[in-house]
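Contents: one structure, followed by commentary.
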Amino acid sequence: MTTAMTAHVLMHAPPVVDPSSAHGVFSILWLVIALPALGAVVLLLGGKRTDRWGHLLGVATVATSFLLSLILFISLLGRHSGNRQVSQHLWTWFTAGSYHVEFGLLYDQLSALFLLLITGVGALIHVYSVGYMEHDDRRRRFFGYLNLFITAMLILVLASDFVGVFLGWEGVGLASYLLIGFWQHKPTAAAAAKKAFVINRIGDIGLSLGASLIFVTFGSTSFAVVSANAHNASSGTLTAIGLLLLLAACGKSAQFPLQSWLLDAMEGPTPVSALIHAATMVTAGVYLIVRSNFIFSLTENARTGVIVVGCITLLMGAVIGCAKDDIKKALAGSTMSQIGYMVLAAGLGPAGYAFAIFHLLTHGFFKANMFLGAGSVMHGMDDDVNMRHYGALRKAMPYTFATFSIGYLAILGVPPFAGFWSKDKIIEAAFGDNLVVGLCALIGAGVTAFYMTRLMLLTFLSEKRWEKDVHPHESPTVMTVPLMALAGLSAVGGLLLVNNWITTWLSPVVGAHVEHKLGVGSVGMSLIALVVVVLGAAIAWQLVGQRPIPTVAPEKVSFLTRAARADLYGDAFNDEVIVKPGVAGIRGLLVFDATIVDGIVEGLAAAFTAVSNAFRHVQNGFVRSYALMLFAGALVVLFALLAVNFG
Amino acid sequence: MSVTPFIVLSAILFTIGAVGVLTRRNAIVVFMCVELMLNASNLALVTFSRANGNLDGQIAAFFVMVVAAAEVVVGLAIIMTIFRTRRSASVDDASLLKY
Chain A
150 MTTAMTAHVL MHAPPVVDPS SAHGVFSILW LVIALPALGA VVLLLGGKRT
200 DRWGHLLGVA TVATSFLLSL ILFISLLGRH SGNRQVSQHL WTWFTAGSYH
250 VEFGLLYDQL SALFLLLITG VGALIHVYSV GYMEHDDRRR RFFGYLNLFI
300 TAMLILVLAS DFVGVFLGWE GVGLASYLLI GFWQHKPTAA AAAKKAFVIN
350 RIGDIGLSLG ASLIFVTFGS TSFAVVSANA HNASSGTLTA IGLLLLLAAC
400 GKSAQFPLQS WLLDAMEGPT PVSALIHAAT MVTAGVYLIV RSNFIFSLTE
450 NARTGVIVVG CITLLMGAVI GCAKDDIKKA LAGSTMSQIG YMVLAAGLGP
500 AGYAFAIFHL LTHGFFKANM FLGAGSVMHG MDDDVNMRHY GALRKAMPYT
550 FATFSIGYLA ILGVPPFAGF WSKDKIIEAA FGDNLVVGLC ALIGAGVTAF
600 YMTRLMLLTF LSEKRWEKDV HPHESPTVMT VPLMALAGLS AVGGLLLVNN
650 WITTWLSPVV GAHVEHKLGV GSVGMSLIAL VVVVLGAAIA WQLVGQRPIP
700 TVAPEKVSFL TRAARADLYG DAFNDEVIVK PGVAGIRGLL VFDATIVDGI
750 VEGLAAAFTA VSNAFRHVQN GFVRSYALML FAGALVVLFA LLAVNFG
Chain B
444 MSVTPFIVLS AILFTIGAVG VLTRRNAIVV FMCVELMLNA SNLALVTFSR
494 ANGNLDGQIA AFFVMVVAAA EVVVGLAIIM TIFRTRRSAS VDDASLLKY
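Right under this line is the structure:
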């Protein structure tokens, strides 16, 4: 029995992080972070002097980082598969007793992919922003913030320690706050920034508590030590760590129940929505779960929590996306939903880690593509975001339409575009785990097809519903080129799956891939998913495409539509359950403070005043009365002495 | 030598002084009563010094005399000043410093 159990544990024991020290080409690893950091420092401290060339510096630093990442990646490809973890020790961050935190970098198969995604998509979005923010007075500052964001995100994915991850995690939150509220003169943007920051803090508590618990349990927070000792911890501790890390992931990745900030975050400039709220920052939660696979692989309970959160969010996001008329909010709902897919896949354990990352990459391509496409549409429509005022833009904006269509086909999961391969694999793995989970993922795919088709119909097809004095035009080349590049990636992203490359590549980090055999087989599953997708698109075609579209959203709609328009009452729920009791509690405390605390303090003072007032009349100015008191006092002392000595 | 008559005399003198301090209004009289109390205690000190056969009490009596002399100087100066401004030596009239 014992032997059997040991064998079982060994078979599923997650891989240990055991990097070799960086030398040769890998010693430039720190430069990947340092370049955008330098850009951010120069742009944010340089002030107006850098206004003229600031945006170019911003693009150049990230583009160079991308080139370095590419060189590193190619070097990593050239290494033997067992020798692809590289660490670079930079300095000892701090020491407290037996606790040493080294500031080190870990470059392995997982962070290599993230490095390419962050710097690659990041560089394209930087280029796009040069055009998009051209007429903004504070463009230089915008690029400073973007560089700051890239820096923080790179620290997050390169850190070799949970404390380092936390540093990047907080930096990402800060950059996100600054960028959502970039147009701070708009009260809605300022409020959205604050909301995002506050809700992210709740997730951050999860990460800091999780890291603390890891330290208490393992005596260290570095991935290497924790992964080597994870199997020694009790299952209760592992579950607690897993759930705390899940809370962290929920905050950063806008997963249920901390999802409500993402839709409001669309107040930021569109490149921000593309970079932070589609391609990179919101994927940090998925990264955290996959990176901590040595915890999650050992705790079934925490993984179940991850799956449940993923399922709920993927359906919620999709439903919200169906009812939104704001093009960016529809896409934001879609982002929530797609990240739900990734979280779900990450919760499936070794069967899903690689697919979570695969979908994360393809989603990074096609969602950045579509968000930038939406930005291009807004650029041409005088910053109007209401899709009911769009229509027939395919002629006015041919490049945007073409690239957006590729993104559309990719997110729907139409072969051979990227999303087909990645989403299909997740649905397949979900069915392999549990029928209900699989059905959730499958239905989500159908709803995705519905809302994306609706978005396409409202925006690019159907008849013109433009406002007066709006003359849609194609965006400048500096904006369309990144769109084309991202469209190309959305089209061919599926190549990563050729020969199961991605699962093989990631297996040293996340453990050997476990395949579930389905009754219908892999091809059958793909066909079923495709049928569901076509069905969703057809329903959208029937409901939206075949009848006139009112320019004002109809009031008489079903309950579900109303609920979806109100973000499924996420804000109302927070308001009722958290904000209102909080406010009531604070009011109660105020009353307590004013009556009880102040009452005690002021009552004591009043009592002393009253007693003093009574006694001050003793000071009557008559010398003889003082003398009498003196004698009386002397007599008292005398009698006291007599009583003590002779009593 | 019996100390009792001396101590009784001392007590009588002290009591006369104390009652005078408490009851008389004229500052000069009050002052004289204070002197009476001081000298009553001097008498007690010297008596006990003789009875015990050492000089400690007599030394203390000298100190009391010196202090009394200094006190007279300061006290009479104050009484003079008060009398100049108020045309009165009553201790009850100088009662401005109060609550």
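Going down the list, the sequences are from chains A and B. Residue numbers for the first sequence follow the numbering used here, so the first one is 150 and each next one is one higher. Residue numbers for the second sequence follow the numbering used here, so the first one is 444 and each next one is one higher. Note that CB positions come from ideal geometry on N, CA and C, so glycine has one too.
Using a Cβ-Cβ distance under 8 Å, would A:L784 count as near chain B?
Residue-level contact by beta carbon fails for A:L784 and chain B, as no gap is shorter than 8 Å.
With the cut-off set at 8 Å, would you say A:G203 and A:R289 are in Cβ contact?
Contact: yes.
Under 8 Å between beta-carbons, which chain B residues line up against A:L790? List them in chain order, please.
Listed along chain B, no residue sits closer than 8 Å to A:L790 by beta-carbon distance, the nearest being about 16 Å off.
Terminal residues of the continuous alpha helix (DSSP H) containing A:L591?
584–608 is the extent of the alpha helix (DSSP H) around A:L591.
The beta strand (DSSP E) spanning A:V235 covers which residue range?
DSSP places A:V235 inside the beta strand (DSSP E), whose first and last residues are 235–245.
Tell me the residue span of the beta strand (DSSP E) that contains A:H249.
That run of the beta strand (DSSP E) goes 248–256.
What did DSSP end up calling B:D499 once you bin it into helix, strand or coil?
Correct three-state label for B:D499: helix.
Of all the options B:G463, B:L456, B:F526, B:N482, which has the alpha carbon lying nearest to the alpha carbon of B:A512?
From the listed residues B:G463, B:L456, B:F526, B:N482, the smallest Cα separation to B:A512 is found for B:N482.
Along chain C, which residues have their Cβ under 7 Å away from the Cβ of A:A776?
Among the protein chains in the structure shown, which are A and B, there is no chain C.
Apart from the five residues just before and just after A:L216, which ones in its own chain have a Cβ nearer than 8 Å to its Cβ?
Residues of the same chain with their beta carbon placed closer than 8 Å to that of A:L216 are lacking, with the five preceding and five following residues left out of the count.
Mind checking A:G207: buried by the 16 CB within 10 Å criterion, or exposed?
By the 10 Å Cβ count, A:G207 comes out buried.
If you draw a straight line from the alpha carbon of A:G269 to that of A:L463, how long is it in whole angstroms?
Each residue's alpha carbon lies about 26 Å from the other.
Does A:S761 come out as helix, strand or coil in the three-state DSSP assignment?
Here A:S761 sits in helix by DSSP.
Find the nearest neighbour of A:G482 within the set A:F507, A:P499, A:V431, A:I438, judged by alpha-carbon distance.
The candidate whose alpha carbon is nearest that of A:G482 is A:V431.
Please work out which residues of its chain come closer than 7 Å, Cβ to Cβ, to A:M160, disregarding the five sequence neighbours upstream and downstream, and give them in chain order.
Unreliable placement is indicated for A:M160, whose pLDDT of 44 sits below 50; no coordinate value is reported for it.
Contact set for A:S671: own chain, Cβ-Cβ below 8 Å, skip 5 residues either direction:
So the qualifying residues of the chain are E577.
Check whether the Cβ atoms of A:A713 and A:V468 lie closer than 8 Å to each other.
Contact: yes.
Just to confirm, are A:F504 and A:I592 a CB contact at a threshold of 8 Å?
No; because the gap between Cβ atoms is not below 8 Å, this pair is not in contact.
Cα separation between B:L416 and B:T524?
Within the shown structure, residues of chain B are numbered from 444 to 542, placing residue 416 of chain B beyond reach of any answer.
Contacts around A:S260, its chain only, beta-carbon distance under 7 Å, and the 5 residues preceding and following it disregarded:
So the list reads V306, L307, once near-sequence residues are dropped.
A:Y248 burial status per 10 Å Cβ neighbour count (16 or more: buried):
By the neighbour-count rule (16 or more Cβ atoms within 10 Å), A:Y248 is not buried but exposed.
Looking at C-alpha atoms only, which residue of A:L558, A:V585, A:A579, A:W570 is the closest neighbour of A:Y600?
Out of A:L558, A:V585, A:A579, A:W570, the CA that lies nearest to the CA of A:Y600 is found in A:L558.
In chain order, which alpha helix (DSSP H) runs of at least 4 residues are fully inside the region 679–745 of chain A?
With a minimum length of 4 residues, the continuous alpha helix (DSSP H) runs that stay inside the region 679–745 of chain A are 708–714, 719–723, 729–741.
Taking buried to mean at least 16 other C-beta atoms within 10 Å of its own C-beta, is A:T602 buried or exposed?
Answer is buried; the Cβ neighbour count reaches 16.
Considering only their Cβ atoms, is the gap separating A:S446 from A:P168 smaller than 8 Å?
No, Cβ-Cβ distance for A:P168 and A:S446 is not below 8 Å.
For A:N378, I'd like the list of residues in its chain whose CB is within less than 6 Å of its CB, leaving aside the five on either flank, ordered along the chain.
Same-chain partners within the cutoff: F367.
Proximal chain B residues relative to A:V760, where beta-carbon distance stays under 9 Å:
Near A:V760 there are no residues of chain B at all, since even the closest Cβ is about 14 Å away, more than 9 Å.
What would DSSP say about A:A829, mapped onto helix, strand or coil?
Limits of chain A in this structure are 150 at one end and 796 at the other, which puts residue 829 of chain A out of reach.
Endpoints, alpha helix (DSSP H) assigned at A:M527:
First-last of the alpha helix (DSSP H) with A:M527: 502–529.
Beta-carbon contacts of A:I688 that lie in its chain and below 8 Å, excluding the five residues immediately before and after:
Here the set comprises F599.
Using only alpha-carbon positions, find the residue among A:N723, A:I461, A:I329, A:G496 that is nearest to A:L392.
The option with the nearest alpha carbon to A:L392 is A:G496.
Contact criterion: CB-CB distance below 8 Å. Does A:V793 meet it with respect to chain B?
At a cut-off of 8 Å between beta carbons, A:V793 makes no contact with chain B.
Range of the contiguous alpha helix (DSSP H) that encloses A:H204
Bounds of the alpha helix (DSSP H) holding A:H204 are 203–226.
Quick one: grab the DSSP three-state call for A:D573.
Reduced to three states, the DSSP call for A:D573 is helix.
Out of A:V314, A:I488, A:P631, which one is the CA nearest neighbour of A:M465?
The candidate whose alpha carbon is nearest that of A:M465 is A:I488.
Taking B:L539 as the query, report the chain A residues whose CB atoms sit under 9 Å from its CB, ordered along the chain.
By Cβ distance, chain A contributes G770.
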